[in-house]
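**Q**
2 protein chains.
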Amino acid sequence: MDKKELFNQFVAFTAAVHQVTHELTQNVKIDNITPVQYKILEYIKVSQSVTPTEISDCLHMSLPNTSRELRKLQDRKFIKKISDTEDRRKHYVCLTEDGEKIMEEAFDSIEDRFLQLIQHASNNDLEDIHHALNILDEKVFNLKL
Amino acid sequence: MDKKELFNQFVAFTAAVHQVTHELTQNVKIDNITPVQYKILEYIKVSQSVTPTEISDCLHMSLPNTSRELRKLQDRKFIKKISDTEDRRKHYVCLTEDGEKIMEEAFDSIEDRFLQLIQHASNNDLEDIHHALNILDEKVFNLKL
DNA sequence: CCATTTTGTTATCAAATGATAAGTAATGGA
DNA sequence: TCCATTACTTATCATTTGATAACAAAATGG
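Protein sequence lines correspond, in order, to chains H and P. Letter by letter, the first sequence follows residues 1 to 145 in the working numbering. Letter by letter, the second sequence follows residues 146 to 290 in the working numbering.
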């Protein structure tokens, strides 16, 4: 197996993934939410509990900028902060009820488009896809550099 | 096969892909090239010949903004424009020698990091990865919505 | 030949994002 | 107790990106 060849396939693949995710999410237009703010909400939703520092690390933005965007989201009542009882410097960020609601709506609409995308897939296809995702996750995308 | 389940896996997967591509490309720091400009150069490199309109469509940016960024890249001698002999409104954009050079360097550095990523993969693993990429490409990421 | 459409450009403004300095409060270790 | 570190905030500025209007040149189609 030629690694160079695999690299080229990998590049084309990631480009396609970016393209498709863009198409799946582009019609998600929560009123006046910027892309970065959406990313933050998404990250909070899929994680259980997160601190500003974790958001900052995972979304590759500075802590001051993270803090700024979090405050905007807090002002709009999409998130709330709870300080850790043990280490009071730490703040756990989570979605409010409003935040949960808009994110569920967003995910529902993305899911709709995803289902459209795979509407012609047979049960066998779905198994193949599931398996392929597992393989890639395990052998490429969930390793640390 | 539960489609809801598959959707959740899909969401986690795409997030991981974005994460990894970010890590692979973050150390590619061509001097004073903005992310959008890099995207444009990348798109020109992987495509054979492109017009501003195609770039605009594929990278989801307006034609005026595309034109602006192309001009900046042209000023810096990374790209050049050739007008179509048949339809003189059309301009084909391609990399200059300088542009080719910086993009090759960029891709080499990304490839290095990619090879690091899969350094512990056996030959069997590589085959599996190759196959998984094919499956996903065919059954999910290269369909039109 | 004339109206319309396509392709691209320039200019301008607003908004989003990034970078950095400075500060607070809590923690932890010498 | 004191100092360094960690977690986070506020403020400010520069840059990047997005949106829109107005224009020009070439093509297309009656």
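Beta carbons are placed, not taken as given, at the ideal position from N, Cα and C, and that holds for glycine.
Distance, Cα to Cα, P/Leu151 vs H/Phe7?
**A** So the alpha carbons of these two residues sit roughly 26 angstroms apart.
**Q** Would you verify that the beta carbon of H/Asp84 is, or is not, closer than 8 angstroms to some beta carbon of chain P?
**A** Judged by the 8 angstroms Cβ criterion, H/Asp84 is not in contact with chain P.
**Q** Helix, strand or coil, according to DSSP, for P/Ser201 in the structure here?
**A** If DSSP states are grouped into helix, strand and coil, P/Ser201 belongs with the helices.
**Q** At a CB-CB cut-off below 7 angstroms, which residues of chain H make contact with P/Thr159?
**A** Ordered by position in chain H, the residues that pass the 7 angstroms Cβ test against P/Thr159 are Val17 and Thr21.
**Q** Have a look at H/Asp125 and P/His275 and give me their C-alpha separation to the nearest angstrom.
**A** For H/Asp125 and P/His275, the distance between alpha carbons rounds to 17 angstroms.
**Q** Specify the secondary structure class of H/Leu130 as computed by DSSP and reduced to three states.
**A** Inspection of the sequence shows that residue 130 of chain H is occupied by His rather than by Leu. Helix at H/His130.
**Q** Which residues in chain H sit within 7 angstroms of P/Met146, going by Cβ to Cβ distance?
**A** Under the 7 angstroms cutoff, chain H gives Asn123, Leu126, Glu127 and His130.
**Q** Based on Cα-Cα distance, which residue from H/Ile44, H/Lys139 and H/Glu23 lies nearest to H/Glu147?
**A** Residue 147 of chain H lies beyond the residue range present for chain H, which begins at 1 and ends at 145; the question has no answer from this structure.
**Q** Could one say the Cβ of H/Lys139 lies closer than 8 angstroms to chain P's Cβ atoms, at least one of them?
**A** Answer yes: the Cβ-Cβ gap between H/Lys139 and chain P drops below 8 angstroms somewhere.
**Q** Rank P/Leu278, P/Arg233 and P/Ala157 by C-alpha distance to the C-alpha of P/Thr196 and give the top, closest one.
**A** Closest option to P/Thr196, Cα to Cα, is P/Arg233.
**Q** Does P/Asn210 have its Cβ less than 8 angstroms from a Cβ in chain H?
**A** Closer than 8 angstroms: no.
**Q** Considering only the alpha carbon of each residue, which of H/Thr53, H/Leu115, H/Gln9 and H/Lys139 lies closest to P/Asn268?
**A** Taking only the C-alpha atoms, the option nearest P/Asn268 is H/Lys139.
**Q** On the DSSP bridge list, what partners appear for P/Ser228?
**A** DSSP output for P/Ser228 lists P/His236 as bridge partner(s).
**Q** To be precise: take each residue of the region 84-115 of chain H, compare its Cβ to all Cβ atoms of chain P, and keep it if any distance is under 7 angstroms. Which residues remain?
**A** Within the region 84-115 of chain H, the qualifying residues are Glu111, Arg113, Phe114 and Leu115.
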